[in-house]
Structures are given as C-alpha cells and as structure tokens.
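Participant: Below is one structure. I have some questions about it.
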DNA sequence: CGGAGATGCTTAACATGTTAAGTGAATGCG
DNA sequence: CGCATTCACTTAACATGTTAAGCATCTCCG
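Residue numbers (my numbering), protein chains in the order written: chain U, 191 to 362; chain A, 191 to 362.
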C-alpha cells in the first residue's frame, strides 16, 4: 500500500549531519541486493506453491543437470555454504526428492542425486519458472540482460582473489 | 585450495539428463547473488572487527544521514523487512548505538536515531569501508561501475509492479 | 605401520530472511 | 459515541547465512 514512485534518493536527503559517506542508497551492494530482490520476488510465489524455497530449487536444478555430485561440488554449483546445504539435503532426503549414498572409494564423500520424485516435481515447476524468466527477459530486454550478466561476471572476476590477502601477517 | 579457473559452466555439463532448463549457473538471480557476494566478501571482515553485521551497518548508515526516522521508513531505506529490523533495533538499542522514543502525535510510531556512541562507531568504520569501496571502484572501473548501477536500477524499474498482479482474483 | 595433519561433511550457535499472527493505537463510519 | 477496520510495530516459527567446532576418514611421511 501507499506505493510511492520508488524514489531511491529518499526525496529529502538532509546533508549527512554526522559521518560523511557516499549516498547510502547508491552503494553497489545495495543496488545488487535490490535488483536481486526485484527478480526473486517474481519467482517466490510459484516456488512456494510447490513447497520449495529458493535454495531448495537451486539444489534440485543443479542436480537435475549433473546426475550425481559430491556435497562439496554441489555447494559450489548451487552457491551455498556447507552448513546450509547440509541442512537442506537432510530435509530434501526426508521428502524423498533426493538420494544419497556414500562413495565406495572414500567413506567421507557422499554422492547426491535427484530422485524420480524430484524429477517429477521439477517438471511441474519448470514451465512456470521458464515463463517468468521469459517475461523478465522481455521486459528488460534480451540484449540488455546479456550485457548485465556480462558485467556482473566481470565484477566477480575483478574482485576474485582480493579477499585472500589476509593470509599474510594475520595471526588471529 | 584447489582454486580452479572459476569455470562457470562447470566444465562438463552433461546435457541435462532429465528436465530441460536454462543453464543453471547463468540464471539472473544467480549472477546477481554471486556478484553481490563477491562484493560483500570484501566488507565483512572489516565490519566484523567492529562487531557489526552487514545489516546493522546498513541501519547505522541510514540513520547517520537522516537524523531520525520512523521504523517503517527505516525499513524502506535500509531495505530490510519489518521483523528483521525489529530484532536488530532491539539489539542496537541494547548496545546503546541507537535511541528510540515514541512519537508524540502517534503512540504507534517510534522515532529512531543514532546515538553519540553510534556516531563514534561509524566514524571508526567509515574510513576502511570507503577505502574498500575505492579499491573496488578502481578494479572494476568507475565508468563501468556507474553503468552497472544504471542497469541494475533499470532492471528494478522494469520489474516494479509485476508481482502486484495477485491482488485481483486470488482469495487465498 | 602409526600418528599428525588434511579433508569431507555435519552440528552448533547466533543473526537474518520470510511469512503469519499478535498487540496496541489510531481512523472512519454509522 | 461505539466499534469494526486499518495501521505501526512486534512476536513467533521456520529456513537460510555465517562462523566455529566437532567427527570420522583419509594421506602422507617418518
């Protein structure tokens, strides 16, 4: 309700009265967060109808294209941290959407794969999901979308290995 | 640790053996998530040293530029949901970083403002934070950064009001 | 062979995201 | 005025993000 014209400058920025910093609403993390939320807002209702969260869906999608994967590999693919993945896999397994079996060569590793039920669920969600993506693509423009993704990739690349500098000289 | 050349295609995509969908790693939400994480990874250590989380920092920044704000307004500015904000404000207040007092005209509203201590904390964090932002800007390119932000804003705009379609015809 | 260290994964603990429900205060309307 | 509705905010409940420990298993080197 009270849907204002979405003014990102907040209308009346009263000239930072204390600590001088960049305009808050224009920070890069904020822009990325807002953009992502705008996109995900489109998908969440559909996923919810199928009893899936965003992350569960990510995992199923990753598995559907990979046949079987180790947990660590899956974490990398679905871009989830180990602990999150661990919990989600436990739940998905309880719902019989995935299957798990320890590798024969290494008892530590476990191979995860999507189950028949999981595939069925995916098949029932995918059409809507694809339709939404198509709508987004059309609204924003396919060309621009490709450009945006390109820039995002470059951003990621340009920051890769920047945070690894704390391995030299930091005891604690 | 086995830092591969960051191949987003996962190297060996075995032609989706079940449900056909876009290449997972190239979905827009994923690109946005990865980009944002790459950026935030740079800031988190510094914030952590000062005992602040990303969201707490967002709130302090928003408050520092606004003098005082209602909770709802603050939620919009810091892009947080009400419940999250409610919890965080409770904690920040307990740490004396913010102050709160109910509005005289409307007992429901409460005005939030940053405290003297909060300002001090901000002042101690801001320099590092700005330095990191400058480094990111330099690495990625100021021009490109502006372009990226522009596109992100357009994306947000083009999706605004798309999710509001469920107000017509949906009883439950 | 054996034990120290590395590895793969899980648990734990705390903070936030997300949705729904609850609570007290203000509004509007008969 | 009375009372249902709306509003601003908080609580609750569950899922994930994030960091640190814990626990087997595996590797490697003496």
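For glycine and all other residues, C-beta sits at the position ideal for the given N, C-alpha and C.
Would residue 245(A) and residue 221(A) be called neighbours here (beta carbons separated by less than 8 Å)?
Facilitator: no
Participant: In angstroms, rounded to a whole number, what distance separates the CA positions of residue 309(U) and residue 243(U)?
Facilitator: If you take the alpha carbons of residue 309(U) and residue 243(U), they lie about 16 Å apart.
Participant: DSSP puts residue 288(U) in a beta bridge; with which residues?
Facilitator: 304(U)
Participant: Please report the residue range of the alpha helix (DSSP H) in which residue 297(U) lies.
Facilitator: Looking at the DSSP string, residue 297(U) is not in any alpha helix (DSSP H), and its letter there is neither H nor E.
Participant: Candidates 348(A), 341(A) and 223(A): which alpha carbon is nearest residue 268(U)'s?
Facilitator: 223(A)
Participant: Per DSSP, what kind of secondary structure is residue 348(U) in: helix, strand or coil?
Facilitator: helix
Participant: Using 8 Å as the Cβ pair cut-off and three pairs as the minimum, do the segment 287-301 of chain A and the segment 251-259 of chain U touch?
Facilitator: no
Participant: Can you round the beta-carbon distance between residue 252(A) and residue 264(A) to whole angstroms, since I take them to be within the 8 Å contact cut?
Facilitator: 6 Å
Participant: Along the segment 259-277 of chain U, what residues have a CB closer than 9 Å to any CB found in chain A?
Facilitator: 263, 266, 267, 268 and 269
Participant: Pull up the distance between the alpha-carbon of residue 351(A) and that of residue 327(U), whole angstroms please.
Facilitator: 16 Å
Participant: If I measure Cβ to Cβ from residue 289(A) and keep anything under 6 Å in the same chain, skipping five residues before and after, which residues do I get?
Facilitator: 303 and 305
Participant: Please confirm if residue 196(U) has its CB atom under 8 Å from at least one CB of chain A.
Facilitator: Residue confidence is low: residue 196(U) scores 38 on pLDDT, short of 50, so the model does not pin down where it sits. No coordinate-derived value is stated.
Participant: Cβ atoms of residue 316(A) and residue 211(U): under 8 Å apart, would you say?
Facilitator: yes
Participant: Given the structure, does residue 256(U) come close to the ligand SAM, in the sense that its CB is under 7 Å from one of the ligand's heavy atoms?
Facilitator: Ligands in the displayed structure: none, and consequently the ligand SAM is not present.
Participant: Measure the Cβ-Cβ separation of residue 345(U) and residue 336(A) and say whether it is below 8 Å.
Facilitator: no
Participant: Please list the partners that residue 305(U) has in chain A, where partner means a Cβ-to-Cβ separation under 9 Å.
Facilitator: Chain A residues near residue 305(U): none, gap ~11 Å exceeds 9 Å.
Participant: Go ahead and label residue 279(U) buried or exposed: buried means 16 or more other beta carbons lie within 10 angstroms of its beta carbon, across all protein chains shown.
Facilitator: buried
Participant: Considering only residues of the same chain and omitting the five flanking positions on each side of residue 291(A), which have a CB-CB separation below 8 Å?
Facilitator: Answer for residue 291(A): 300 and 301, listed in chain order.
Participant: What did DSSP end up calling residue 260(U) once you bin it into helix, strand or coil?
Facilitator: strand
Participant: Are the C-beta atoms of residue 299(U) and some chain A residue less than 8 Å apart?
Facilitator: no
Participant: Determine the chain A residues that contact residue 339(U) at a beta-carbon separation under 8 Å, and present them in chain order.
Facilitator: 216, 218 and 221
Participant: Output the distance between the C-alpha atoms of residue 232(U) and residue 247(U), rounded to the nearest integer angstrom.
Facilitator: 14 Å
Participant: To the nearest angstrom, how far is it from the Cα of residue 240(U) to the Cα of residue 319(U)?
Facilitator: 11 Å
Participant: Would you please verify whether the beta carbon of residue 321(A) is less than 8 Å from any beta carbon of chain U?
Facilitator: no
Participant: For the alpha helix (DSSP H) that residue 221(U) lies in, which residues bound it at each end?
Facilitator: 218-239
Participant: Using a Cβ-Cβ distance cut-off of 8 Å, determine whether residue 348(U) contacts chain A.
Facilitator: yes
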